[in-house]
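Numbering (my numbering), first residue to last: 1434 to 1547.
Yeah, the Cβ is synthetic: ideal placement off N, Cα and C, and Gly gets one too.
Down below is the structure, laid out as structure tokens.
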Amino acid sequence: DEGKSLLSSVIIVGLPYPRKTELQEALYKYFKDKFGEKAREYSNGIPCLNALAQSAGRLIRSEEDRGIIVVMDARAAGRFKWKFPADWRNCMEVYMNVDKIIGRIADFTDRRWD
């Protein structure tokens, strides 16, 4: 089908926090002076969420698109989960077993291509 995405899944291994660089440290110090305790969230958390959303955007480009976004990092299911958009949280499934993740992806892709 023309216009239909060929992607069915995106797998992200580890949360994509910014790398620790001099620039990143300067940004943290700036936010620390400006916002105090919220500095880590502004300097690391928000850029991480932006990177996740950008990865998801490669898969989901319109309202009709469907796909699986796998974030292979336990932190995504904990405190970090509440920073995701509500529609992501509502359909989020947590697996601690790789075989179950692979099975879930296979089930989804089998249904998607039918």
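In this structure, how does DSSP classify residue i when only helix, strand and coil are distinguished?
i, result
"Ser1495", "coil"
"Ser1441", "coil"
"Gly1447", "coil"
"Asp1506", "coil"
In terms of DSSP beta bridges, what is residue i paired with?
i, result
"Met1529", "Its beta-bridge partners do not exist; DSSP assigns none."
"Ile1538", "Answer is none; Ile1538 lacks a bridge partner."
"Ile1501", "Ser1442"
Could you give the distance in angstroms between the alpha-carbon of residue i and the alpha-carbon of residue j?
i, j, result
"Pro1480", "Phe1513", "13 Å"
"Ile1445", "Glu1497", "22 Å"
"Pro1518", "Ala1459", "29 Å"
"Ala1510", "Val1503", "11 Å"
"Gln1487", "Lys1462", "26 Å"
"Arg1544", "Pro1449", "30 Å"
"Lys1533", "Ile1493", "23 Å"
"Glu1455", "Gly1478", "17 Å"
"Thr1542", "Asp1506", "22 Å"
"Asp1540", "Ala1489", "20 Å"
"Arg1537", "Leu1482", "24 Å"
Exposed or buried, which one is residue i when buried takes at least 16 other CB atoms within 10 Å?
i, result
"Asn1501", "Looking at the sequence itself, residue 1501 is Ile, so the reference to Asn does not match. The residue in question, Ile1501, is buried, as its Cβ has 16 or more Cβ neighbours within 10 Å."
"Ser1495", "exposed"
"Asp1434", "Model confidence at Asp1434 stands at a pLDDT of 48, short of 50, so the residue's coordinates are unreliable and nothing is read from them."
"Leu1485", "buried"
State yes or no: is the C-beta of residue i nearer than 6 Å to some heavy atom of the ligand MN?
i, result
"Asn1530", "With respect to the ligand MN, the structure offers nothing, as it holds no ligand at all."
Practice item. Check whether the stretch 1462-1471 touches the stretch 1526-1535, counting contact only when three or more Cβ pairs, one atom from each stretch, lie closer than 8 Å. Key: no
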